[in-house]
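**Student:** The sequence shown lines up with residues -13 to 170 when you count with our numbering. By construction, the Cβ of each residue, glycine as well, lies at the ideal position given by its N, Cα and C atoms. Sharing a structure below in structure tokens format, with a few things to ask.
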Amino acid sequence: MAGEQASVVITVSVYEGAGEPQTTVVHNATDGIKGSTESCNTTTEDEDLKVRKQEIIKITEQLIEAINNGDFEAYTKICDPGLTSFEPEALGNLVEGMDFHKFYFENLLSKNSKPIHTTILNPHVHVIGEDAACIAYIRLTQYIDGQGRPRTSQSEETRVWHRRDGKWLNVHYHCSGAPAAPLQ
């Protein structure tokens, strides 16, 4: 109906050693597809586009799960070995490869036993041909700080994905705002 917006919520829970859930929730104010809603006819091409956009949201969700769980092995399977990134932890510098990220997994993320709850707000996916896509979203991260207090941080993130041999890989990441991983 005109003027109404659908809301889609996807929840994935992953449990780690202490049995605390690590949750990623995607809130989508619309179906994530911009365009006219005047026609009820859906073409195969429109459906394919919608499916690809959902694939990108899902793989982004899996990548954030790997980060929240401190699972560097899962993270490396989703990222290109030559991943480039601009992020607060790099102090404005472009970093390339996995070594920079591995440091945080080994020294922070894998040692975290407190729950982390991540919310991806209003993801917007740009499909760029058959094998490339870009996603932009707001990421809210809720966590317990070193003093046991609940905290929330926000970052604005963009990820560029490239499909090789049928598998989506994150090839570039840009984060503005607070560090994506809470520095407890």
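Which runs of the alpha helix (DSSP H) at least 4 residues long sit entirely within the region 126 to 166? Give them in chain order.
**Tutor:** As summarised for the region 126 to 166, there are no continuous alpha helix (DSSP H) elements at least 4 residues long confined to that stretch.
**Student:** Starting from the C-beta of residue 159, find all residues in its chain whose C-beta is less than 8 angstroms away, skip the five residues before and the five after it, and write them out in chain order.
**Tutor:** 69, 70, 71, 72, 73, 143, 144, 145, 146
**Student:** Count the other C-beta atoms from every protein chain shown that fall within 10 angstroms of the C-beta of residue 78, then say buried if there are 16 or more, exposed otherwise.
**Tutor:** exposed
**Student:** For the alpha helix (DSSP H) that contains residue 49, what are its first and last residues?
**Tutor:** 30 to 54
**Student:** Quick one: what does DSSP say residue 93 is sitting in, helix, strand or coil?
**Tutor:** helix
**Student:** Less than 8 angstroms between the C-beta atoms of residue 42 and residue 104, yes or no?
**Tutor:** No, Cβ-Cβ distance for residue 42 and residue 104 is not below 8 angstroms.
**Student:** Could you tell me which residues DSSP puts in a beta bridge with residue 119?
**Tutor:** 113, 147
**Student:** Measure how close the beta-carbons of residue 107 and residue 124 come, nearest whole angstrom, since I'm counting them as under 8 angstroms.
**Tutor:** 4 angstroms
**Student:** Opposite residue 70 in the DSSP bridges: which residues?
**Tutor:** 82, 158
**Student:** Cα separation between residue 135 and residue 119?
**Tutor:** Using only the alpha carbons, I get a separation of about 37 angstroms.
**Student:** Which residue from 75, 39, 137, 62 puts its Cα closest to that of residue 114?
**Tutor:** 39
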